[in-house]
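First up is the structure itself, then whatever we jot down about it.
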Amino acid sequence: MAVDIKDLRGMNDAIAAKLHEKGIKNNEQLLEAVKTPAQRKELAAHCGVEARAILELGNRADLSRVKGIGGVYSDLLEKAGVDTVPELSQRRADNLHAKMTETNNAESLTKQPPTLKMVEDWVAQAKALDRAIQY
993 MAVDIKDLRG
1003 MNDAIAAKLH
1013 EKGIKNNEQL
1023 LEAVKTPAQR
1033 KELAAHCGVE
1043 ARAILELGNR
1053 ADLSRVKGIG
1063 GVYSDLLEKA
1073 GVDTVPELSQ
1083 RRADNLHAKM
1093 TETNNAESLT
1103 KQPPTLKMVE
1113 DWVAQAKALD
1123 RAIQY
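Using this note's numbering, read the sequence shown as starting at 993 and increasing by one per residue.
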């Protein structure tokens, strides 16, 4: 399901406008445009930002392919140490759920933290997804 790039956490209006100039309007188009380090470097130059910033946005776009992970849960995953789909696919759901709960208790990111069943589903989805970004 396509997600508007403006809805990705970390996206600002200036970068979104530069991406629109390149015809990039949703997460799927962004993923296509940031697959390789060379593509990220070129896009970063166009946007006037570091390639690392483009990679972070690409990782957010990649995580948005997992049904149920929106902006807040994406933030929570990052703070719990998971910022890519390949990392998510390698996690044990019970350990990740515990870490996310601990992180949310400390930082109060959401009133409704994910359930263990949700995290199990995310890990399963991540395992089934093709790798979209080359590191």
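Don't be surprised by glycine CBs; every beta carbon is placed ideally from N, CA and C.
Residue ranges of each alpha helix (DSSP H) run of no fewer than 4 residues wholly in the segment 1024 to 1060, ordered along the chain?
1029 to 1039 and 1043 to 1055
Starting from GLY1015 and walking both ways along the alpha helix (DSSP H), at which residues does that stretch end?
Looking at the DSSP string, GLY1015 is not in any alpha helix (DSSP H), and its letter there is neither H nor E.
Exposed or buried, what is THR1107 when buried is set at 16 or more other beta-carbons lying within 10 Å of its beta-carbon?
exposed
Taking the beta carbon of TYR1127 as the centre, do at least 16 other beta carbons fall within 10 Å, making it buried, or is it exposed?
exposed
So what does DSSP say about ASP1075, is it helix, strand or coil?
coil
Do ALA1118 and SER1081 have their C-beta atoms closer together than 8 Å?
yes
Could you tell me whether the Cβ atoms of VAL1058 and VAL1077 are closer together than 8 Å?
yes
By Cβ distance, which residues of its chain are closer than 6 Å to VAL1111, with the 5 residues on each side in sequence left out?
ALA1085, LEU1088 and HIS1089
Which residue wins for smallest C-alpha separation from ASP1113, given the options GLY1002, LEU1068 and ILE1061?
ILE1061
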